[in-house]
Amino acid sequence: MAVETRTIALRTRGHCDVLDITEQVQNALLDTGLQNGLVMVFVPGSTGSVTTVEYEPGLEADLKTALDRLVPVGIPYQHDHRWADGNGHAHVRSALMGPSLTVPFVRGKMTLGTWQQIVFLDFDNCSRSRELVIQVLGE
Amino acid sequence: MAVETRTIALRTRGHCDVLDITEQVQNALLDTGLQNGLVMVFVPGSTGSVTTVEYEPGLEADLKTALDRLVPVGIPYQHDHRWADGNGHAHVRSALMGPSLTVPFVRGKMTLGTWQQIVFLDFDNCSRSRELVIQVLGE
Amino acid sequence: MAVETRTIALRTRGHCDVLDITEQVQNALLDTGLQNGLVMVFVPGSTGSVTTVEYEPGLEADLKTALDRLVPVGIPYQHDHRWADGNGHAHVRSALMGPSLTVPFVRGKMTLGTWQQIVFLDFDNCSRSRELVIQVLGE
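These protein sequences, in sequence, are chains P, V and Y. Residue 35 is where the first sequence starts when you use the numbering used here, and the numbers rise one by one after that. Residue 35 is where the second sequence starts when you use the numbering used here, and the numbers rise one by one after that. Residue 35 is where the third sequence starts when you use the numbering used here, and the numbers rise one by one after that.
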């Protein structure tokens, strides 16, 4: 059993940008040579999240619409009042959806469904360069 | 340290069906013979989620009511417009709640609270046969 | 590769109390002596959650405001009708946000962002003594 840690670099547009990172995670996994175990994708930051979704333009829009309704951009946030960052909504969304995802892999391949992709959501109010941590525990 | 992967099969009614799968997860864990480590429950699909809750009919209803309010069934979704699946709400709910849960176990038993059960939520708009992945890392 | 399990004890005020537990988790990690792997923080109970956030008073207030809006305290819950606990909202919040968090660590240090803390949220309607499980898998 071994632990292998990798990073993947992303350029995002912010504003609830939804990026399909499945291939980059799979490549990081292949690079470790491990066959069975778990992959963790972790966001080292407080304005993004990682989850899975059927990645197609309709759901990308639906996810943004839902988050705009649940944690709106234009309402007052104490964070913005104190720090004038203008990204209070991004922090709240990230805390609610979480920074971490774990996926099993078997014989070198993640056990994702056919219509299930790993996505990174960047909630910040500007474009960002991001580095996600990919950690693999397995044999 | 070893990795063991199992699956559990479920028949659901869809429409935010909430199923207590604690016993099936515990049985899969016992089957591995491992004593200390983590159990991961993973949903290979994009219209279901796994979490924990005190499993009793009141909270089962409350969870459905909350999800109907937060991510309603009857509003327009671009996913439905494009693919005519009618399950856009199910995809959004699954992405928000996530497909994965990790639970520690010690001396062969998960460290769940007394009133805490592992549940699978099927958000799809029809009954489904599901296969969840149970992966155990431990010694 | 080894598995080490610890607990941390907390005293909370309930009512969506947000506690920064980063240092306690880091201390539990140091206590194991492990250098690379994953840390899991698990809530053995059904009225609390664990996530990450930039821990500052503004966001603490914003998180409470968002949860009060999304899963309000004063509306009817079947759980309260059946069990008269008055904490139906706490159970629903916990199920939606989840009881578990996984964070990678490298050379003995968690890969958190600079402005990212691990927080425990106690949604219950009273002050509580809590014991969280910290499990470390690594080498």
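A virtual CB, placed ideally from N, CA and C, is assigned to each residue, including glycine.
- At a cut-off of 8 Å between C-beta atoms, P/Ala62 does not count as an interface residue with respect to chain V.
- Fully contained in the segment 74-160 of chain Y are the following alpha helix (DSSP H) runs of length 4 or more, in chain order: 91-104, 112-117, 122-131.
- The alpha-carbon of Y/Ala118 is positioned some 21 Å away from that of Y/Ser163.
- Legend: CB atoms of the segment 94-105 of chain V lying less than 7 Å from CB atoms of chain P belong to residues Leu104, Val105.
- Comparing alpha-carbon positions, the option among P/Gly67, P/Arg40, P/Met35 lying closest to Y/Thr145 turns out to be P/Arg40.
- Closer than 8 Å at the C-beta level to chain Y, one finds these residues of the segment 139-173 of chain P: Val167, Gln169, Leu171.
- Listed as beta-bridge partners of P/Ala36 by DSSP are P/Gly172.
- DSSP places Y/Leu64 in no beta strand (DSSP E) but in the uninterrupted alpha helix (DSSP H) bounded by 56-66.
- Using a C-beta cut-off of 8 Å, the segment 132-148 of chain P makes no contact with the segment 94-106 of chain Y, since fewer than three inter-stretch Cβ pairs fall below that distance.
- Under the three-state reduction of DSSP output, Y/Gly48 falls in the coil class, being neither helix nor strand.
- V/Asp65 counts as exposed, since fewer than 16 other beta carbons sit within 10 angstroms of its beta carbon.
- Neighbours of Y/Thr85 in chain P, taken as residues at a C-beta separation under 7 Å, are given in chain order as Ala129, Gly132.
- Distances from the alpha-carbon of V/Val37 to those of P/Ser80, P/Thr85, P/Leu72, P/Thr81 put P/Leu72 closest.
- Among the residues facing chain Y, P/Val37 is included, as its CB has a counterpart in that chain under 8 Å away.
- Here the segment 114-134 of chain Y does not lie against the segment 39-57 of chain P, with fewer than 3 beta-carbon pairs under 8 Å apart.
- The straight-line gap separating the alpha-carbon atoms of V/Ser161 and V/Thr85 is approximately 20 Å.
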